[in-house]
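Some notes on the structure that comes next.
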Amino acid sequence: MGRSKKYERSDIVRKAMDLFWRDGFHGTSTQTLVESMAVNRFSLYAEFGNKQNLYEAALQLYAQEVVDQHFRALESEDAGLPQIEAMFSGFAAAAGEPGSELGCFMCNCATERGAEDPGSQVFVHAHVARISAALSNALNHAREDGDIRPEVDTVQEGQFLATLLLGFFVLLRAKVDPAVVRSSAQAALAHLQRLATPPA
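If you want it as C-alpha coordinates, here you go:
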(Lines of atoms letter the chains of each structure in order from A and count residues from 1; the text may use other names and numbers.)
(Lines give C-alpha, C1' and ligand atoms only; values in the text may rest on other atoms or scores of the structure.)
Protein backbone atom coordinates (compact mmCIF):
# COMPACT_ATOMS: atom_id res chain seq x y z
CA MET A 1 0.00 0.00 0.00
CA GLY A 2 1.18 3.50 -0.74
CA ARG A 3 1.81 5.95 2.04
CA SER A 4 -1.08 8.23 2.91
CA LYS A 5 -0.58 11.91 2.29
CA LYS A 6 0.26 14.01 5.33
CA TYR A 7 -1.09 17.20 3.81
CA GLU A 8 -4.27 18.56 2.29
CA ARG A 9 -4.15 19.86 -1.26
CA SER A 10 -6.41 22.78 -0.33
CA ASP A 11 -4.03 23.84 2.45
CA ILE A 12 -1.10 23.88 0.05
CA VAL A 13 -2.99 25.93 -2.52
CA ARG A 14 -4.11 28.42 0.12
CA LYS A 15 -0.57 28.91 1.43
CA ALA A 16 0.71 29.20 -2.12
CA MET A 17 -1.89 31.85 -2.89
CA ASP A 18 -0.70 33.94 0.04
CA LEU A 19 2.94 33.63 -1.01
CA PHE A 20 2.37 34.32 -4.71
CA TRP A 21 0.05 37.22 -3.87
CA ARG A 22 2.68 38.77 -1.61
CA ASP A 23 5.91 38.02 -3.50
CA GLY A 24 4.82 37.23 -7.06
CA PHE A 25 5.60 34.21 -9.21
CA HIS A 26 9.25 35.02 -9.77
CA GLY A 27 9.75 36.16 -6.18
CA THR A 28 8.51 32.87 -4.76
CA SER A 29 11.01 30.06 -5.19
CA THR A 30 10.14 26.39 -5.07
CA GLN A 31 12.31 26.14 -1.97
CA THR A 32 10.26 28.88 -0.29
CA LEU A 33 7.08 26.99 -1.13
CA VAL A 34 8.47 23.75 0.28
CA GLU A 35 9.64 25.39 3.50
CA SER A 36 6.43 27.35 4.04
CA MET A 37 4.17 24.36 3.50
CA ALA A 38 6.18 21.79 5.44
CA VAL A 39 6.05 19.35 2.52
CA ASN A 40 8.95 17.92 0.62
CA ARG A 41 9.77 18.83 -2.95
CA PHE A 42 8.78 15.38 -4.21
CA SER A 43 5.28 15.67 -2.72
CA LEU A 44 4.83 19.12 -4.19
CA TYR A 45 5.78 17.98 -7.68
CA ALA A 46 3.75 14.78 -7.35
CA GLU A 47 0.64 16.79 -6.49
CA PHE A 48 0.98 19.68 -8.95
CA GLY A 49 3.61 18.72 -11.50
CA ASN A 50 5.36 22.07 -11.48
CA LYS A 51 5.33 25.56 -10.01
CA GLN A 52 3.20 26.88 -12.86
CA ASN A 53 0.36 24.48 -12.10
CA LEU A 54 0.45 25.43 -8.43
CA TYR A 55 0.38 29.11 -9.39
CA GLU A 56 -2.68 28.58 -11.56
CA ALA A 57 -4.39 26.63 -8.77
CA ALA A 58 -3.72 29.61 -6.49
CA LEU A 59 -5.23 31.99 -9.04
CA GLN A 60 -8.29 29.75 -9.29
CA LEU A 61 -8.73 29.77 -5.52
CA TYR A 62 -8.39 33.56 -5.47
CA ALA A 63 -11.12 33.85 -8.09
CA GLN A 64 -13.41 31.50 -6.20
CA GLU A 65 -12.96 33.00 -2.75
CA VAL A 66 -11.57 36.52 -2.72
CA VAL A 67 -13.19 37.78 -5.92
CA ASP A 68 -16.50 36.14 -5.00
CA GLN A 69 -16.45 37.85 -1.62
CA HIS A 70 -15.96 41.32 -3.06
CA PHE A 71 -18.05 41.18 -6.22
CA ARG A 72 -20.90 38.75 -5.61
CA ALA A 73 -23.17 41.60 -4.58
CA LEU A 74 -22.70 43.24 -7.98
CA GLU A 75 -23.66 40.02 -9.75
CA SER A 76 -26.97 39.59 -7.94
CA GLU A 77 -30.43 40.47 -9.21
CA ASP A 78 -30.67 43.10 -6.49
CA ALA A 79 -27.53 44.95 -7.59
CA GLY A 80 -27.77 48.61 -8.48
CA LEU A 81 -26.10 51.96 -7.87
CA PRO A 82 -25.92 51.49 -4.08
CA GLN A 83 -23.82 48.33 -4.50
CA ILE A 84 -21.43 50.03 -6.92
CA GLU A 85 -21.10 53.05 -4.65
CA ALA A 86 -20.53 50.83 -1.62
CA MET A 87 -17.79 48.94 -3.43
CA PHE A 88 -15.87 52.05 -4.47
CA SER A 89 -16.33 53.62 -1.03
CA GLY A 90 -15.17 50.43 0.67
CA PHE A 91 -12.02 50.08 -1.40
CA ALA A 92 -11.24 53.77 -0.94
CA ALA A 93 -11.61 53.47 2.83
CA ALA A 94 -9.29 50.45 2.88
CA ALA A 95 -6.54 52.22 0.90
CA GLY A 96 -3.53 52.62 3.14
CA GLU A 97 -4.76 50.08 5.68
CA PRO A 98 -2.53 47.10 6.55
CA GLY A 99 -2.70 44.57 3.73
CA SER A 100 -3.80 47.04 1.07
CA GLU A 101 -0.22 47.16 -0.25
CA LEU A 102 -0.69 43.60 -1.50
CA GLY A 103 -3.04 44.92 -4.16
CA CYS A 104 -5.09 42.41 -6.15
CA PHE A 105 -3.52 39.03 -6.91
CA MET A 106 -5.01 39.05 -10.42
CA CYS A 107 -3.71 42.55 -11.10
CA ASN A 108 -0.30 41.57 -9.78
CA CYS A 109 -0.39 38.59 -12.12
CA ALA A 110 -1.31 40.86 -15.03
CA THR A 111 1.61 43.22 -14.47
CA GLU A 112 4.15 40.50 -13.70
CA ARG A 113 3.24 37.74 -16.14
CA GLY A 114 0.41 38.92 -18.37
CA ALA A 115 2.73 39.66 -21.29
CA GLU A 116 4.77 36.46 -21.10
CA ASP A 117 2.57 33.62 -19.89
CA PRO A 118 -0.52 32.39 -21.79
CA GLY A 119 -1.78 30.57 -18.70
CA SER A 120 -1.78 33.76 -16.67
CA GLN A 121 -3.47 35.62 -19.51
CA VAL A 122 -6.44 33.24 -19.31
CA PHE A 123 -7.04 34.09 -15.66
CA VAL A 124 -6.45 37.82 -16.10
CA HIS A 125 -8.76 38.10 -19.10
CA ALA A 126 -11.48 36.15 -17.29
CA HIS A 127 -11.08 38.39 -14.24
CA VAL A 128 -11.41 41.60 -16.24
CA ALA A 129 -14.44 40.21 -18.06
CA ARG A 130 -16.08 39.17 -14.80
CA ILE A 131 -15.58 42.51 -13.08
CA SER A 132 -16.79 44.40 -16.15
CA ALA A 133 -19.87 42.16 -16.43
CA ALA A 134 -20.65 42.51 -12.71
CA LEU A 135 -20.55 46.29 -12.93
CA SER A 136 -22.62 46.26 -16.13
CA ASN A 137 -25.16 44.02 -14.40
CA ALA A 138 -25.58 46.49 -11.57
CA LEU A 139 -25.85 49.37 -14.03
CA ASN A 140 -28.48 47.49 -16.05
CA HIS A 141 -30.63 47.14 -12.95
CA ALA A 142 -30.06 50.79 -12.09
CA ARG A 143 -31.25 51.75 -15.56
CA GLU A 144 -34.31 49.53 -15.25
CA ASP A 145 -35.11 51.15 -11.91
CA GLY A 146 -34.76 54.63 -13.39
CA ASP A 147 -31.70 55.45 -11.31
CA ILE A 148 -29.57 56.28 -14.36
CA ARG A 149 -30.50 57.71 -17.72
CA PRO A 150 -31.95 55.26 -20.28
CA GLU A 151 -29.37 56.14 -22.93
CA VAL A 152 -26.40 55.14 -20.73
CA ASP A 153 -24.30 52.40 -22.38
CA THR A 154 -24.02 50.02 -19.44
CA VAL A 155 -21.49 47.74 -21.14
CA GLN A 156 -19.12 50.61 -21.89
CA GLU A 157 -19.60 52.10 -18.43
CA GLY A 158 -18.99 48.72 -16.81
CA GLN A 159 -15.72 48.36 -18.69
CA PHE A 160 -14.69 51.90 -17.76
CA LEU A 161 -15.41 51.40 -14.06
CA ALA A 162 -13.63 48.03 -14.08
CA THR A 163 -10.55 49.62 -15.64
CA LEU A 164 -10.58 52.35 -13.01
CA LEU A 165 -11.05 49.89 -10.17
CA LEU A 166 -8.31 47.53 -11.29
CA GLY A 167 -6.01 50.51 -11.68
CA PHE A 168 -6.54 51.30 -8.00
CA PHE A 169 -4.99 47.98 -7.05
CA VAL A 170 -1.99 48.50 -9.30
CA LEU A 171 -1.35 51.85 -7.62
CA LEU A 172 -1.66 50.34 -4.15
CA ARG A 173 0.78 47.58 -5.08
CA ALA A 174 3.22 50.25 -6.28
CA LYS A 175 2.84 52.03 -2.91
CA VAL A 176 1.48 55.20 -4.49
CA ASP A 177 0.05 57.61 -1.92
CA PRO A 178 -3.33 56.12 -0.86
CA ALA A 179 -4.78 59.63 -1.06
CA VAL A 180 -4.55 59.31 -4.85
CA VAL A 181 -6.73 56.20 -4.75
CA ARG A 182 -9.23 57.81 -2.40
CA SER A 183 -9.46 60.91 -4.58
CA SER A 184 -9.99 58.80 -7.69
CA ALA A 185 -12.71 56.83 -5.93
CA GLN A 186 -14.49 60.08 -5.12
CA ALA A 187 -14.26 61.02 -8.79
CA ALA A 188 -15.80 57.66 -9.71
CA LEU A 189 -18.68 58.26 -7.30
CA ALA A 190 -19.25 61.70 -8.81
CA HIS A 191 -19.26 60.11 -12.26
CA LEU A 192 -21.97 57.70 -11.16
CA GLN A 193 -24.09 60.60 -9.97
CA ARG A 194 -23.73 62.26 -13.36
CA LEU A 195 -25.13 59.15 -15.02
CA ALA A 196 -28.37 59.88 -13.21
CA THR A 197 -28.48 63.53 -14.22
CA PRO A 198 -29.97 64.55 -17.58
CA PRO A 199 -27.36 66.34 -19.69
CA ALA A 200 -27.69 70.11 -19.76
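Counting along the sequence shown from 1, when you hit position 8 you're at 8 in full-length UniProt numbering, and nothing is skipped either side. Note that CB positions come from ideal geometry on N, CA and C, so glycine has one too.
- Just so you know, the alpha carbons of Arg130 and Met17 end up roughly 20 Å apart.
- Pro98 sits in coil when the DSSP states are folded into three classes, being neither helix nor strand.
- According to the DSSP assignment, Lys15 belongs to the alpha helix (DSSP H) that extends over 9-23.
- If you draw a straight line from the Cα of Thr30 to the Cα of Ser10, it comes to about 18 Å.
- In this structure, the CA atom of Ala95 is about 7 Å from the CA atom of Val181.
- Contact between the region 137-157 and the region 58-70 is absent, with fewer than three C-beta pairs closer than 8 Å.
- Measuring C-alpha to C-alpha distances from Leu139 to each of Val128, Asp117, Phe160, Ala126 identifies Phe160 as the nearest.
- Shortest Cα-Cα distance from Leu165 to any of Val152, Gly103, Tyr62, Gln121 involves Gly103.
- Annotation note: the region 69-127 contains no uninterrupted beta strand (DSSP E) run of length 3 or greater.
- The straight-line gap separating the alpha-carbon atoms of Val122 and Phe48 is approximately 19 Å.
- In this chain, the alpha helix (DSSP H) harbouring Arg173 covers 154-173.
- One thing to note: Lys15 has its Cβ no nearer than 8 Å to the Cβ of Glu101.
- Our two residues, Arg22 and Gly99, have alpha carbons roughly 10 Å apart in a direct line.
- Fewer than three Cβ pairs drawn from the region 29-43 and the region 74-87 lie within less than 8 Å of each other, which leaves the two stretches out of contact.
- Assigned with DSSP and collapsed to three states, Ile131 falls in helix.
- Closest in alpha carbon position to Phe91, among His191, Ser183, Leu192, Leu195, is Ser183.
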